[in-house]
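All letters in the sequence shown, in the order written, are residues 3 to 329 by this note's numbering.
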Amino acid sequence: MNGLYLEAPEKLSWKDFHLDDPLEENEVKLKVIYGGICGSDIGVYKGKLAHAVYPVIPGHEILGEVIEVGKDVNIAVGQRVVVQPNSYCGTCENCVAGKTNICPEKKSIGINAHGGFMEEIVVDAKYAIAVPKSLTNERAILIEPLSVIVHALAKADITKGTSVAIVGCGTEGLLAVALASFLGAEITAIDINIEKLDEVKKQYPKIHIQHPNEVSADSFDIAIEVAGVTSSFEQCIDIVKPGGTIVAVGLPKTAELPVVKLVREEITIKGSIIYNAVEDFNQSIQYLLEEDFYVEPIISEILPVTQYEEAYEKAVSGKYRKIILKF
Ligand SMILES: [Zn+2]
Ligand SMILES: [Zn+2]
3 MNGLYLEAPE KLSWKDFHLD DPLEENEVKL KVIYGGICGS DIGVYKGKLA
53 HAVYPVIPGH EILGEVIEVG KDVNIAVGQR VVVQPNSYCG TCENCVAGKT
103 NICPEKKSIG INAHGGFMEE IVVDAKYAIA VPKSLTNERA ILIEPLSVIV
153 HALAKADITK GTSVAIVGCG TEGLLAVALA SFLGAEITAI DINIEKLDEV
203 KKQYPKIHIQ HPNEVSADSF DIAIEVAGVT SSFEQCIDIV KPGGTIVAVG
253 LPKTAELPVV KLVREEITIK GSIIYNAVED FNQSIQYLLE EDFYVEPIIS
303 EILPVTQYEE AYEKAVSGKY RKIILKF
């Protein structure tokens, strides 16, 4: 069976793996349908993600069809599933509290464990999340990246009319625009890239767009930081109203905190890392089942995996929204 293989940063190839060990009783084998390329895949590819290991089979946004199951597995052959790509122990204090996303045993496939950009993969059945029949493959492949935003937006109290700044218009930013729109928020998307802003405005005409230089202080109930840039993080603190909340999803290394504003205005900053298995995945599926939850603009292009070089090139360029590999 073939798959992508990242021997070292920027050394990507299509390789034949001879993996035919029999399945363990708790495992399922999937025929991969789609693999989504994400910002962290680019980080791994470029050698810019601190916790990445090499060599690694890349890919963590995986949609597949079950083709074989171990004897203890209760999933039917033929069922479509998405992979929850972050392992957890299930027994530590955090896991018991449902916070599998901060399990100290966490490993992330495609980053520090082998991933899923392969024709077939084997996963523990607890990480295979069933996809309802009515969800198309194109919506189902968004379950994992949307779960990140489901988790983040649940940390802020967003209802009809809440003013929300979404800082950064990459894929996660767009998904945040989609979900906050669905929740009825008054949205302002912020990005340094004017073309990206115009594009978002075209897709979601009801939102406002602003260049970071145009944004006034104390303007929003909530700011979602998805740019991962120090200046964006610092701007989030400046632009929320007194009593406001910042949800930090991006990962700039450090930032300077205006403590006086934070204290005097009771500003809340909440970190949000991936999602909790499996509630956030299930919530993500529920949103995607809603017909008027509009996510069509998220995917730029679907390319056959044989064109992986072009796919990675496009993803690295930053000029596209999500690129999907078709297996
Ligand atoms: Zn991802
Ligand atoms: Zn744990």
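The beta-carbon is built from N, C-alpha and C at its ideal position, and this holds for glycine as well.
The structure presented is a predicted model; accordingly, all values stated were derived computationally and were not measured.
**Item:** Residues with C-beta closer than 7 Å to any heavy atom of ligand 2, in chain order
**Value:** Y90, C91, G92, T93, C94, N96, C97, T102, C105, P106, E107
**Asked** How is L144 classed by DSSP in three states: helix, strand or coil?
**Response** coil
**Message:** Does the contact criterion of 3 or more C-beta pairs under 8 Å hold for the region 267-281 versus the region 238-251?
**Reply:** yes
**Message:** I'd like to know whether the C-beta atoms of I194 and A225 end up nearer to each other than 8 Å.
**Reply:** no
**Item:** Outcome for Q86 when other beta-carbon atoms lying within 10 angstroms are tallied against a minimum of 16
**Value:** buried
**Asked** What whole-angstrom Cβ distance do G72 and V30 have, given they're in contact under 8 Å?
**Response** 7 Å
**Asked** Going along the chain, which unbroken runs of the beta strand (DSSP E) with 3 or more residues stay wholly within the region 49-103?
**Response** 63-71, 82-85
**Message:** If you measure between the beta carbons of Y36 and I168, is that distance less than 8 Å?
**Reply:** no
**Asked** Hey, is C171 close to ligand 1, as in C-beta under 7 Å from one of its heavy atoms?
**Response** no
**Request:** Report all residues for which the CB-ligand distance to some heavy atom of ligand 1 is below 6 Å; order them along the chain.
**Result:** C40, S42, H62, E63, P147
**Close-in-space but distant-in-sequence residues of the same chain around G80 (CB under 7 Å, 5 per side omitted)** = E67, V68
**Message:** Can you give me the C-alpha to C-alpha distance between M120 and S234, rounded to a whole angstrom?
**Reply:** 36 Å
**Prompt:** What's the gap between the Cα of V307 and the Cα of Y90?
**Reply:** 29 Å
**Asked** If you follow the beta strand (DSSP E) that M110 is part of, which residue opens it and which one closes it?
**Response** A small fix is needed here, since residue 110 is Ser in this sequence, not Met. Premise fails: S110 is in no beta strand (DSSP E) and is neither H nor E.
**Item:** Rounded Cβ spacing between D223 and V166 (contact assumed at less than 8 Å)
**Value:** 7 Å
**Asked** Smallest Cα separation from I192: which of K272, G320, V217?
**Response** V217
**Message:** To the nearest angstrom, how far is the alpha carbon of S302 from that of K321?
**Reply:** 10 Å
**Asked** Straight-line CA distance for E174 to V262?
**Response** 31 Å
**Request:** Round the Cβ separation of F236 and G170 to the nearest angstrom and send it over; I've been treating them as touching at under 8 Å.
**Result:** According to the sequence as given, residue 236 is Glu; it is not Phe. With a Cβ gap of about 13 Å, E236 and G170 do not count as contacting.
**Asked** From what residue to what residue does the beta strand (DSSP E) around Y310 run?
**Response** Looking at the DSSP string, Y310 is not in any beta strand (DSSP E); the run it does join, the alpha helix (DSSP H), is 310-319.
**Prompt:** Should N88 and N76 be called a contact, given that it needs their Cβ atoms to be closer than 8 Å?
**Reply:** no
**Per DSSP, the bridge partner or partners of I1** = The requested residue 1 does not occur in the structure, where the chain is confined to residues 3 to 329.
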